[in-house]
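So the structure is just underneath, and the comments pick up after that.
Protein chains: 2
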Amino acid sequence: MNPITNISQQFAAQNYKLTPQREAIVKVLLDNEEEHLSVEEVYMRVKSSYPHLGLATVYRTLELLCELHIVEKMNFGDGVARYDLRDCDHAHMHHHLICNVCGRLEEIKDDWLLELEQRLEAEYGFSVTDHRLDFKGTYNTCKRSGCKGEKERKAVS
Amino acid sequence: MNPITNISQQFAAQNYKLTPQREAIVKVLLDNEEEHLSVEEVYMRVKSSYPHLGLATVYRTLELLCELHIVEKMNFGDGVARYDLRDCDHAHMHHHLICNVCGRLEEIKDDWLLELEQRLEAEYGFSVTDHRLDFKGTYNTCKRSGCKGEKERKAVS
DNA sequence: TGCTTATATCGTAATGGTTACTATTAAGAG
DNA sequence: CTCTTAATAGTAACCATTACGATATAAGCA
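Chains as they are written, first to last, in this note's numbering: chain S, 1 to 157; chain E, 1001 to 1157.
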């Protein structure tokens, strides 16, 4: 199904309207699915298709999308919140690799934690609704070139 | 070894001094090892043993402790940075359970990810230096009482 | 003991991401 | 068409964090 139609239905299901502004924001997210955009970045990009849109609307819309579990808010420790479309029912099933040297951020789509989550349920009486798994380290192909260098990285989120 | 002495040596090893202010801050961290204190919380507590201490010093000291890998800076999405003493060589070997209902935060000391990290090395050419694993969900013993209620929780980090 | 230099601290002003607020506009209901 | 409610725009306020200038403490050296 067309993802916009799909999201529109999710809005309607909870008595929210998919206004042109909201639609423009959702489109930016869909067009940049691979990236983790900050509010400011979303704002910049949406301006080209909807120049009159206000920053506050971006904040409000992203918060709403979060509530509807359409996007996920995340924080990589660089001082700004970043947003990521959730992949339908695979919701939380992805992890991140963050390179200390070049800052590259790769997403891994597999879910490696099902077994662990079962163990949490059994041993801790804790039923998981979401998780987050980030690895920091270096790509072996990256070890020589000091694009940013580990030294100047700010402390980690 | 006395943890203060140990940390003092780590300071000296990198030509930093363990001033009374810094020592007071470290002591607060040691005395609250189980909690993840925010800067403001550290500031409040350290005031009782060192009333004259300034907020900026807390910020600077925690940043320094971060650089020395004595504490870890983390972000749980509540808008403030929180700090956690690193457990000597087990550095990154702990995970978090965060309860949606009551907001409780439990720490799990085991490292469950060694196998995964080997796989990352082999399949992705990525060598891990640190990781972070947080689970969100609910404790089964917690399901009834609506201390905070999931509804009013802010969107997740 | 004094002088010099570097390091830390203090208090506060500035910064910048985020939130709150007021007026205005658009959408539905009757 | 009018009333009511929801959404947006623009901006002011908020608050955690950082930067800054002045003062104080410690170390090195004569």
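Glycine included, every Cβ here is placed at the ideal spot set by N, Cα and C.
Apart from the five residues just before and just after residue i, which ones in its own chain have a Cβ nearer than 8 angstroms to its Cβ?
i	result
Phe126(S)	Leu120
Asp89(S)	Note on Asp89(S): pLDDT 48, under 50, position unreliable in the model; the coordinate value appears next. Within the same chain, Asp89(S) has no close Cβ partners at all.
Ile7(S)	Leu18, Val26, Ile70
Val42(S)	Ile25, Val28, Leu29, Val58, Leu62, Tyr83
Gln10(S)	Leu68, Ile70
Val39(S)	Leu55, Val58, Tyr59, Leu62, Val80, Ala81, Tyr83
Met74(S)	His36, Ala81, Arg82, Tyr83, Asp84, Arg132
Does DSSP classify residue i as helix, strand or coil?
i	result
Lys136(S)	strand
Tyr124(S)	helix
Thr1019(E)	coil
Glu1115(E)	helix
Asp110(S)	coil
Asp130(S)	strand
Leu30(S)	helix
Can you name the residues of chain S whose CB is closer than 7 angstroms to the CB of residue i?
i	result
Ser1127(E)	Gly137, Thr138, Asn140
At what residues does the alpha helix (DSSP H) containing residue i begin and finish?
i	result
Glu63(S)	55–67
Arg1045(E)	1039–1049
Gln1010(E)	1003–1013
Between which two residues does the beta strand (DSSP E) harbouring residue i extend?
i	result
Lys1073(E)	1071–1075
Asp84(S)	81–85
Note down, in chain order, every chain E residue with its Cβ under 8 angstroms from the Cβ of residue i.
i	result
Asp130(S)	Phe1135, Lys1136, Gly1137, Val1156
Leu68(S)	In chain order: nothing, as chain E lies at least about 11 angstroms away.
Anything in chain E within Cβ reach of residue i, meaning under 9 angstroms, just list it in chain order.
i	result
Tyr59(S)	What Tyr59(S) touches in chain E: nothing, since even the nearest Cβ is about 11 angstroms away.
Applying a beta-carbon distance threshold of less than 9 angstroms, which residues of chain S neighbour residue i?
i	result
Asn1015(E)	Going along chain S, no residue has its Cβ under 9 angstroms from Asn1015(E), so there is no contact; the nearest lies around 16 angstroms.
Tyr1050(E)	What Tyr1050(E) touches in chain S: nothing, since even the nearest Cβ is about 23 angstroms away.
Starting from the C-beta of residue i, find all residues in its chain whose C-beta is less than 6 angstroms away, skip the five residues before and the five after it, and write them out in chain order.
i	result
Gln1021(E)	Leu1053, Thr1057
Arg45(S)	Val28
Gln14(S)	none
Glu72(S)	Asp84, Arg86
Phe177(S)	No answer is possible for residue 177(S): the residues shown for chain S start at 1 and end at 157.
Grab me the residues of residue i's own chain with a C-beta within less than 7 angstroms of its C-beta, minus the 5 sequence neighbours each way, in chain order.
i	result
Glu117(S)	Val128
Residues of chain S with a CB under 8 angstroms from the CB of residue i: which are they?
i	result
Leu1116(E)	Trp112
Leu1120(E)	Leu97, Phe135, Gly137
What does residue i reach in chain E if we use C-beta pairs closer than 7 angstroms?
i	result
Tyr43(S)	Near Tyr43(S) there are no residues of chain E at all, since even the closest Cβ is about 18 angstroms away, more than 7 angstroms.
Does the beta-carbon of residue i, which I'm using as the reference point, lie nearer than 7 angstroms to any heavy atom of the ligand FAD?
i	result
Thr141(S)	Ligands are entirely absent from the displayed structure, and the ligand FAD is therefore not among its contents.
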